[in-house]
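First the structure, in the form of structure tokens, and then the observations on it.
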Amino acid sequence: MTVFLGCGFAAKYREGGGNFSVPLQWMLGLRRLKQDAIWLELLPATNDRAADESCIRNFQRQLRAHGLARRYCLLYQDPASQEHELAAMRCIGISRRKLRDRLAGPNVLLNLAYSLHPPFLLEFERRIFCDLDPSEIFYWMTKLEMGQSSHHEFWTIGLNLHADDCGMPKSPLPWRTFYPLVDTELLRAQPQPLSGRSKFTTIGQWYWGGSVEVNGEFPDLSKQHAFAPYLDLPARVPEAQWELAMNLAADDPERARLAHLGWQLVSPHEVARTPSKYRRYLASAAGEFTAIKGVDVSWRTGWISDRAAAFLALGRPVITEETGAAKYLPAESGFNFAENAETAAAAARGVLGDWPRLSRQARACAVEVFDAGKNLRKILAP
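The opening residue of the sequence shown carries number 4 in this note's numbering; numbering runs sequentially from there.
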């Protein structure tokens, strides 16, 4: 059986090593399970063909770096369209003929975030929708066709989906849950950073254009809004270094405001441009601190980021907000769930004071809960 991994967000963002690392964990997990796996990456054409070719070369380079040079087919779609026709796309990597041969035999598609659409989508024998952003996916599925009628199975990282306290829009689909994936062989526990002050950091987009309606309003889903209650953490815990790897323009006034409050700022396009740089940057920290978009907290979706799973695998504790996920984790998980700046500060002091023990807990949780092979085995089971 061929397992196809459908993705449409890795190749087009060539500076995003963390973004690329998401499907990479799936492919490495499939390789560990000895599956005949092919990464199908959709790249819609833009008006800048030179930039498109640069994206293609970067995609190929990253796959070679991880031993996947013969395990992909990049589907270059020109012109871009919401309808995906294989005959109208350029196949880079595996040829169209070889892809057709694979499609003729037993196969399954893991369609990440509804990356592949009909009519091409309908050529796969077993079609599995894999949701990576439950609040937005579940909301927009009440408004739009997002593959609901084109898939056989539905899986989400919204761990709390079926609980009474989950406020997400109700869905008639038979959703099942899985944990964000991390390849615990690629990401191994690393020694505690010893140079300078211990650092807490995270990587993300400071501004966010997504939208979800809650009680007739569209709340701000940005990190800028989510971090607002926590911006005095550098003053509360000055013995730590507080850093943000966020995309902020050089002339953005947020830079001066955050620096005044004691936050270090770095560019994710520099420190995490490739998957290997991304892993090294995470390992440079004592742990992660991040705030989560409010809808996941208020709806209690049970969402946990793939980045948090990567921090855990490296032996880095995670301080974050509770989304309803805590009850699905071991008692000693490496997570510290904060409700406000005071509890976040206390958690940070706890990490600084007991890092070796909490690091072991983080790594053990990654292996037990978030391991890519374990979660893929669950999803692929008949």
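Every residue, glycine too, gets a C-beta built ideally from N, C-alpha and C.
Check: At least 3 beta-carbon pairs within less than 8 Å: the segment 110-122 vs the segment 4-24; Outcome: yes
Check: Sequence-distant residues of its chain with Cβ nearer than 7 Å to residue 347 (five each side left out); Outcome: 233, 236, 292, 322 and 341
Check: Nearest-angstrom Cα separation, counted from residue 303 out to residue 85; Outcome: 31 Å
Check: Cα-Cα separation, residue 29 to residue 119; Outcome: 16 Å
Check: For residue 202, the residue or residues it bridges with in DSSP; Outcome: 244
Check: Euclidean distance between Cα positions of residue 339 and residue 172; Outcome: 28 Å
Check: Separation of residue 101 from residue 364, as counted between CA atoms; Outcome: 45 Å
Check: 9 Å Cβ cutoff met for residue 14 and residue 77; Outcome: yes
Check: Any non-hydrogen atom of the ligand NAP within 8 Å of residue 331 CB; Outcome: Questions concerning the ligand NAP fall outside what the structure shown contains, since it holds no ligand whatsoever.
Check: Per-residue burial, residue 205 [other beta carbons within 10 Å of its own, 16 or more giving buried]; Outcome: buried
Check: Limits of the unbroken beta strand (DSSP E) element including residue 85; Outcome: Note, residue 85: premise wrong, no beta strand (DSSP E); not H, not E.
Check: Opening and closing residue of the beta strand (DSSP E) in which residue 269 lies; Outcome: 267-269
Check: Own chain partners of residue 34 with C-beta closer than 6 Å, once the 5 adjacent residues on each side are dropped; Outcome: none
Check: 7 Å Cβ shell around residue 151 - same chain, five flanking residues per side excluded; Outcome: 144 and 176
Check: Where the beta strand (DSSP E) through residue 9 begins and ends; Outcome: 5-10
Check: Segment contact flag, the segment 371-379 with the segment 178-188, C-beta cutoff 8 Å, min 3 pairs; Outcome: yes
Check: Three-pair Cβ contact test at 8 Å for the segment 319-335 versus the segment 348-356; Outcome: yes
Check: Nearest candidate by alpha-carbon position, reference residue 22, set 309, 362 and 345; Outcome: 309
Check: Given residue 174 as reference, the closest of 301, 127 and 147 once Cα atoms are compared; Outcome: 147
Check: Option in 62, 108, 315 and 283 with minimal Cα separation from residue 18; Outcome: 62
Check: Start and end residues, beta strand (DSSP E) containing residue 46; Outcome: 39-47
Check: Where the alpha helix (DSSP H) through residue 23 begins and ends; Outcome: 20-35
Check: C-alpha gap between residue 159 and residue 25, whole angstroms; Outcome: 14 Å
Check: Same chain, Cβ closer than 7 Å to residue 36, neighbours up to 5 away in sequence not counted; Outcome: 376, 379 and 380
Check: Proximal residues to residue 370 (C-beta, below 7 Å), its chain only, five neighbours per side dropped; Outcome: 187
Check: Three-way DSSP call (helix, strand, coil) for residue 385 in this model; Outcome: coil
Check: Residue 133, DSSP secondary structure in three states; Outcome: strand
Check: Bridge partners - residue 52, DSSP secondary structure assignment; Outcome: DSSP output for residue 52 lists no bridge partner at all.
Check: Cβ-based neighbour list, residue 209, same chain, cut-off 7 Å, excluding 5 preceding and 5 following; Outcome: 225, 226, 227, 249, 250, 251 and 257
Check: Rounded straight-line distance, which links the Cα of residue 127 to that of residue 109; Outcome: 9 Å
Check: Proximity of residue 285 and residue 266 at Cβ, strictly below 9 Å; Outcome: no
Check: Among 330, 195, 222 and 305, nearest to residue 357 - alpha-carbon criterion; Outcome: 195
Check: Continuous beta strand (DSSP E) stretch holding residue 345: start and end; Outcome: Here residue 345 belongs to no beta strand (DSSP E); instead the alpha helix (DSSP H) covers 344-356.
Check: Cut-off 6 Å between Cβ atoms - residues of its own chain near residue 132, not counting five sequence neighbours on either side; Outcome: 114, 150, 154 and 157
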